[in-house]
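> Before we start, here is the structure in question, set down as structure tokens.
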Amino acid sequence: VGTEGRLGGQARVEGVSGTWKELTDSVNFMAGNLTSQVRQIAQVTTAVARGDLSQKIDVDARGEILELKNTINTMV
């Protein structure tokens, strides 16, 4: 995500293995999930802003993202 607010970035660490590779892979997996969730939420809320109330958020989510997903889906 970085400081620019752009989603979709992935950590690339050359030559790592073992624990460092597992850690890098886990960070990339979490970043990918968050990117997917935020993009889906943005797509649906943009549609709502344009008057299209037919779309729903359908990504897998837990915790606070699940609460946000459910709230938006209830609104539409």
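Under our numbering, the residues of the sequence shown are numbered 947 to 1022, in order.
Positions of the beta carbon are idealized from the N, C-alpha and C atoms, including for glycine.
A quick note: this is a predicted structure, and the numbers were derived from the prediction, not measured.
1. I'd like to check one pair, Gln-956 with Asn-974: are the Cβ atoms closer than 8 Å?
2. Is it buried or exposed for Val-959, if we count other Cβ within 10 angstroms and need 16 for buried?
3. So, under 8 Å CB-CB, Val-990 and Ile-1011 are touching, yes? Tell me the CB distance rounded to an integer number of Å.
4. Applying the criterion that 16 or more other CB atoms from any shown protein chain within 10 Å of the CB defines a buried residue, is Lys-967 buried or exposed?
Walking through what the data contain:
1. As a position in the sequence shown, residue 974 is number 28, starting the count at 1. As a position in the sequence shown, residue 956 is number 10, starting the count at 1. Between Asn-974 and Gln-956, the gap from beta carbon to beta carbon is short of 8 Å.
2. Numbered from its first residue, the sequence shown carries residue 959 at position 13. Per the 10 Å Cβ criterion, exposed.
3. Counting from 1 along the sequence shown, the entry for residue 990 is found at position 44. Counting from 1 along the sequence shown, the entry for residue 1011 is found at position 65. Contact doesn't hold; Cβ gap of about 13 Å is too wide.
4. Along the sequence shown, read from residue 1 onward, the residue named residue 967 stands at position 21. Lys-967 is exposed by the Cβ-count criterion.
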